[in-house]
Amino acid sequence: MSCLKDAIYRFTGSGSSYQYRLLLPVHQLIIPTVVYTLSWDLVGHIVHSTVLKLCKMRQSTKQSDKDNRRQAKDPLTENIWPELLAGTVHCFVADFSLLPLELIMNRLHLQGTRAIVDNVLDAQSVIPYQASYNNVQQCVEALIDSEGVPSFWKGCSALLLQYSTRLAVVHT
C-alpha cells in the first residue's frame with residue numbers, strides 16, 4: 027500500500043509527511059533519466075561502430091594473408107566474434123564513462139524511499155539511506171562535499187570484475 031502512496035506522490039507532487047517531501051516528483055526525475063539513457067546509447071553506438079570497423083580492418087589484413095595461402099574461411103570468427111567483442115566493449119565503455127551520472131540518477135531516485143545500505147564501518151549491519159536533494163546540481167555538490175570526487179566511481183571494481191568475466195567468456 028505504501029508503494030501506491032509513493033507513486034501517487036511522485037505523480038502529483040503533494041504529500042504531508044516528511045518522507046513524501048523527500049521524494050522528487052516524476053517531472054524532476056525524467057530529465058536525468060533521459061539524459062543518462064540517451065548518453066549511454068550514443069556512447070555505445072559510437073564505440074560499437076568503431077570496434078566493428080577495427081575488427082573489419084584486422085580481418086581484411088588477415089584475409090589478404092589467407093588469400094595468399096588459400097585457406098577456408100571461418101564464419102564464426104568472421105561474423106560473430108567481432109559483434110560479440112564490439113558489444114562487450116561498447117557496454118563497458120558506456121557503463122564506465124557514465125558511472126557518475128548513473129550514481130547521481132540513482133541517488134535522486136532513492137531519496138525519500140525506505141532504502142537501506144550496508145554500513146561500511148562495521149560491515150555487519152545496514153543503515154537507512156537518508157538524503158535530501160532538490161535537483162541534480164545539489165546532488166553533485168553534496169556528493170563532492172561529503173564523499174569527494176572519487177565517490178563518483180563507486181562500484182567501479184564490480185564493473186571491472188563483471189566485464190573482465192564477460193570478456194573472458196567471449197574471448198575464449
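Position in the sequence shown counted from 1, then plus 26, gives you my numbering.
Virtual Cβ for every residue (Gly too), placed ideally from N, Cα, C.
Residue i (DSSP reduced to helix, strand or coil)
i    : result
L186 : helix
G174 : coil
Q137 : coil
S65  : helix
K180 : coil
S158 : coil
I56  : helix
L127 : helix
L49  : coil
Y44  : Because Y44 sits at a pLDDT of 46, beneath the cut-off of 50, its placement in the model cannot be relied upon, and the following sentence gives the value as read from the coordinates. Helix.
Same chain only: Cβ atoms within 7 angstroms of residue i, ignoring 5 sequence neighbours per side
i    : result
Q85  : E104
L193 : T114
W66  : A120, L124
T59  : M131
H135 : L55
N- and C-terminal bounds of the alpha helix (DSSP H) containing residue i
i    : result
E109 : 107-123
Close beta carbons around residue i, own chain, < 8 angstroms, minus the five adjacent residues each side
i    : result
P126 : F178, W179
Y62  : L124, L127, E128, M131
H74  : A112, G113, V115, H116
G181 : L125, L129
E167 : none
P212 : The chain is shown from 27 up to 198; residue 212 falls before or after that span and cannot be answered.
V69  : H116, V119, A120, S123, L124
Proximal residues to residue i (C-beta, below 6 angstroms), its chain only, five neighbours per side dropped
i    : result
R133 : C165
F118 : Y189
Check: residue i C-beta below 8 angstroms from any heavy atom of the ligand PLP
i   : result
L64 : Annotation note on the ligand PLP: not contained in the displayed structure, which lists no ligands.
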